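In what follows, a structure is listed as structure tokens, so that the remarks can point back to it.
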Amino acid sequence: MEPLLRCALALSLVSVLTRAAELRSAPSVTNMRGVAAAPRSRDTATSIGTAEAPCPRGTLPDGNVCIPVPDPDRGSTAEALQEQQNEHHDRSGRLRVYDQIPRQPERPKDFRKYRLPVPVLADPSFVGSGYDLDRPDDEQRRSPELSAVGHGGVDLAQARGTPIRLVNLENQVGDATVLAVGHLFGNTLVTLHTVREAGMLREYLVMYGHLQSAAPGLAQGQGLKPGALLGFVGDSGSPGIVHLHLEVRRAREGIDASRLALGQVTQNAKTVACDPRNVLELLP
Ligand SMILES: [Zn+2]
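1141 is the number of the first residue of the sequence shown in our numbering; add one for each residue after it.
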């Protein structure tokens, strides 16, 4: 190899490593006013398994960082989804600041244009309650019957007992896996998906809530192909309102999502709310 070329390659590698180290040591977000927010030290303080976790699929270890292996075929040119900071007052009146990923302008509003885990009803109220964590505080969902303010997912109306089937996410790499089954939004199942995003691999969690029941025999870590039976639509945790609560969250960098307990999956320090329309596959 020419000495000049070798030198240039070495320099570019150093630049990549330095950038990766900066990103890891000082995670930051851009808030709604476009101002960079302060690094969230609690994220790194409370992250689990970062030191001992191996590099995710599609990356190679180099020192103490993981370098993505470029894949020219899929997702490598798409821009990373940007987090924004927003806030609302919870029911006790306390101001809660959180991060969230709003629907990107180029993504269709209509949920019928996406591949969904339940069949679509002709009823115009098929989408009961939408994602509103990107809205101003006073426009977010509030109700005396609801403990939470705001809605981090979408509610899809369907008949009780309707089978819920796995859909892959856009630019997904490998099979989804079962992350957890338990009680969160009533009976809830959480699946884990690796997605190639701007040349990086990111982990997304998909939550299916208010199930009549999860499919029998699902075990944590189990691989799932598209169409796999996940459970049945019900109203657990939302008596009388039969629907599927579908919620998507992106694991923060440095968080080993496969080790999150059910009680941690919606914690802002671990995962970030994401409008599902950013990652659901568009129908042809
Ligand atoms: Zn819901």
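Just so you know, even glycine gets a beta-carbon here, dropped at the ideal spot from N, CA and C. If you're wondering where the values come from, they're calculated on a predicted model, not measured in any experiment.
**Asked** For S1378, which residues of its own chain have a beta-carbon under 7 angstroms away from its beta-carbon, when the five flanking residues on both sides are left out?
**Response** By 1-based counting over the sequence shown, the position of residue 1378 is 238. Closer than 7 angstroms at the Cβ level, and outside the excluded window around S1378, lie G1326 and H1350.
**Prompt:** Taking one C-beta from the stretch 1333-1349 and one from the stretch 1281-1289 each time, how about it: are there three or more such pairs within less than 8 angstroms?
**Reply:** no
**Message:** Are the CB atoms of Q1298 and V1373 within a distance shorter than 8 angstroms?
**Reply:** Translated into positions along the sequence shown, residue 1373 becomes position 233. Translated into positions along the sequence shown, residue 1298 becomes position 158. It is a contact, given that the beta carbons lie within the stated cut-off.
**Message:** Our contact map puts I1304 next to Y1348 with C-beta atoms below 8 angstroms; I'd like the distance itself, whole angstroms only.
**Reply:** In the sequence shown, residue 1304 corresponds to position 164, counting from 1. In the sequence shown, residue 1348 corresponds to position 208, counting from 1. Contact holds; Cβ gap of about 6 angstroms.
**Message:** By DSSP's criteria, L1332 is part of a beta bridge. Which residues make up the other side?
**Reply:** As a first step, residue 1332 must be located in the sequence shown, where it is residue number 192. Per DSSP, T1317 and L1345.
**Request:** In the DSSP assignment, find the beta strand (DSSP E) that holds E1227 and state where it starts and stops.
**Result:** Indexing the sequence shown from 1 puts residue 1227 at position 87. Here the beta strand (DSSP E) through E1227 covers Q1224 to H1229.
**Request:** Leaving out five residues on either side along the sequence, give the residues of the same chain with a beta carbon under 8 angstroms from the beta carbon of P1194.
**Result:** To locate residue 1194, count along the sequence shown from 1; it is residue 54. Around P1194: P1201.
**Asked** Near Q1404, what residues of its chain come up, given a Cβ to Cβ distance below 6 angstroms and the 5 sequence neighbours on each side ignored?
**Response** The sequence position of residue 1404 within the sequence shown is 264, counting from 1. The answer, listed in chain order, is K1410.
**Message:** Assuming L1402 and A1320 are in contact, meaning their beta carbons sit under 8 angstroms apart, how far apart are those beta carbons, in whole angstroms?
**Reply:** Reading the sequence shown from its first residue, position 262 is the one you call residue 1402. Reading the sequence shown from its first residue, position 180 is the one you call residue 1320. Yes, L1402 and A1320 are in contact; Cβ-Cβ is about 4 angstroms, under 8 angstroms.
**Rounded separation between L1306 and K1365 - CA only** = Against the sequence shown, residue 1306 aligns to sequence position 166. Against the sequence shown, residue 1365 aligns to sequence position 225. So the alpha carbons of these two residues sit roughly 7 angstroms apart.
**Item:** Euclidean distance between Cα positions of K1253 and E1227
**Value:** Sequence index remark: in the sequence shown, residue 1253 carries index 113 (1-based). Sequence index remark: in the sequence shown, residue 1227 carries index 87 (1-based). Cα to Cα, the separation comes out at about 29 angstroms.
**Message:** With distance defined between alpha-carbon atoms, name the residue in L1324, G1361 and D1375 nearest to R1300.
**Reply:** Working through the sequence shown from its first residue, we reach residue 1300 at position 160. Considering only alpha carbons, the answer is D1375.
**Prompt:** In whole angstroms, what separates the C-alpha of N1308 from that of D1278?
**Reply:** To locate residue 1308, count along the sequence shown from 1; it is residue 168. To locate residue 1278, count along the sequence shown from 1; it is residue 138. Distance between the alpha carbons of N1308 and D1278: 34 angstroms.
**Request:** Could you say which of N1204, S1232, R1243 and L1422 lies nearest to Q1222 if we only look at CA atoms?
**Result:** Indexing the sequence shown from 1 puts residue 1222 at position 82. With distances taken between Cα atoms, Q1222 lies closest to R1243.
**Asked** How many angstroms separate the CA atom of A1161 from the CA atom of P1356?
**Response** What you label residue 1161 is simply residue 21 of the sequence shown in a count that begins at 1. What you label residue 1356 is simply residue 216 of the sequence shown in a count that begins at 1. Any answer about A1161 is weak, because its pLDDT of 39 lies below 50 and its placement is not dependable; what the coordinates show is given next. Answer to the nearest angstrom: the Cα atoms are 43 angstroms apart.
**Message:** Cutting at 7 angstroms between CB atoms, please list the residues of its own chain near N1418, excluding the five before and the five after it.
**Reply:** One-based indexing of the sequence shown puts residue 1418 at position 278. Excluding sequence neighbours, N1418 sits near L1221, I1241, R1243, Q1244 and R1247.
**Asked** Got a sec, what are the start and stop residues for the beta strand (DSSP E) T1411 sits in?
**Response** By one-based count along the sequence shown, residue 1411 stands at place 271. Here the beta strand (DSSP E) through T1411 covers T1411 to C1414.
**Prompt:** DSSP state of F1325, grouped into three classes?
**Reply:** Along the sequence shown, read from residue 1 onward, the residue named residue 1325 stands at position 185. Coil, per DSSP.
**Item:** Burial state of D1295 (16 or more Cβ within 10 Å)
**Value:** Mapped onto the sequence shown, residue 1295 falls at position 155. Label assigned to D1295: buried.
**Item:** N- and C-terminal bounds of the beta strand (DSSP E) containing P1107
**Value:** With the chain covering 1141 to 1424 only, the question about residue 1107 has no answer from this structure.
**Message:** Buried or exposed for R1234, going by 16 or more other Cβ atoms inside 10 Å?
**Reply:** On the sequence shown, residue 1234 is found 94 positions in, with the first residue counted as 1. Exposed, because fewer than 16 other Cβ atoms sit within 10 Å of the Cβ of R1234.
**Request:** Give the straight-line distance between the Cα atoms of P1284 and A1354, rounded to the nearest whole angstrom.
**Result:** Translated into the one-based positions of the sequence shown, residue 1284 becomes position 144. Translated into the one-based positions of the sequence shown, residue 1354 becomes position 214. Roughly 28 angstroms separates the two Cα atoms.
**Message:** Closest to R1389 by C-alpha separation, out of G1363, P1416 and K1249, would be which residue?
**Reply:** The sequence position of residue 1389 within the sequence shown is 249, counting from 1. The residue with the shortest Cα to Cα distance from R1389 is P1416.
**Request:** Go ahead and label A1264 buried or exposed: buried means 16 or more other beta carbons lie within 10 angstroms of its beta carbon, across all protein chains shown.
**Result:** Sequence index remark: in the sequence shown, residue 1264 carries index 124 (1-based). It should be noted that the sequence gives Pro, not Ala, for residue 1264. By the 10 Å Cβ count, P1264 comes out exposed.
**Message:** If you reduce the DSSP assignment to three classes, tell me which class L1402 lands in.
**Reply:** Stepping through the sequence shown from its first residue, residue 1402 is reached at position 262. Here L1402 sits in helix by DSSP.
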